[in-house]
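Visitor: Input: one structure, supplied below.
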Amino acid sequence: MGKFTMEDLVRVMRAAAGEDGQVDLDEKVRQCGFDELGYDSLAVLETASRVEREYGVILDEEAMALVETPTQFVALVNGQLASLA
1 MGKFTMEDLV RVMRAAAGED GQVDLDEKVR QCGFDELGYD SLAVLETASR
51 VEREYGVILD EEAMALVETP TQFVALVNGQ LASLA
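Residue numbers for the sequence shown follow the UniProt record's numbering, so the first one is 1 and each next one is one higher.
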């Protein structure tokens, strides 16, 4: 599987939250915390679960506990994808 992108994350997050529409992701938003974007820890866990199923990765709970921003989430997933290659 290829690289996991910010756009992939937004798509999965919107599906997990049942939202429609587009998110304008400038550099500031990429560094915002999930809570600042309106996603609580349960929404982030649901997103992680969906990413695991869709991309065939396992996201370690300890590593996920350290993820605070969308950019960190994307980096974690890409690290896992690289380890599968």
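Note that CB positions come from ideal geometry on N, CA and C, so glycine has one too.
Within 10 angstroms of its Cβ, does Leu84 collect 16 or more other Cβ (buried), or is it exposed?
Guide: exposed
Visitor: Find out if the Cβ-Cβ distance for the pair Ala17, Ala48 is shorter than 7 angstroms.
Guide: no
Visitor: Roughly how many whole angstroms lie between the Cα atoms of Glu7 and Thr71?
Guide: 11 angstroms
Visitor: Would Gln31 pass as a contact of Thr69 if the rule is Cβ separation under 7 angstroms?
Guide: Result yes, Cβ atoms of Gln31 and Thr69 sit closer than 7 angstroms.
Visitor: Leu76: buried (16+ other C-beta within 10 angstroms of its C-beta) or exposed?
Guide: buried
Visitor: On the three-state DSSP scale, how would you describe Asp40?
Guide: coil
Visitor: Out of Leu66, Gly56 and Phe73, which has the shortest C-alpha to C-alpha gap to Val10?
Guide: Val10 has its Cα closest to that of Phe73, out of Leu66, Gly56 and Phe73.
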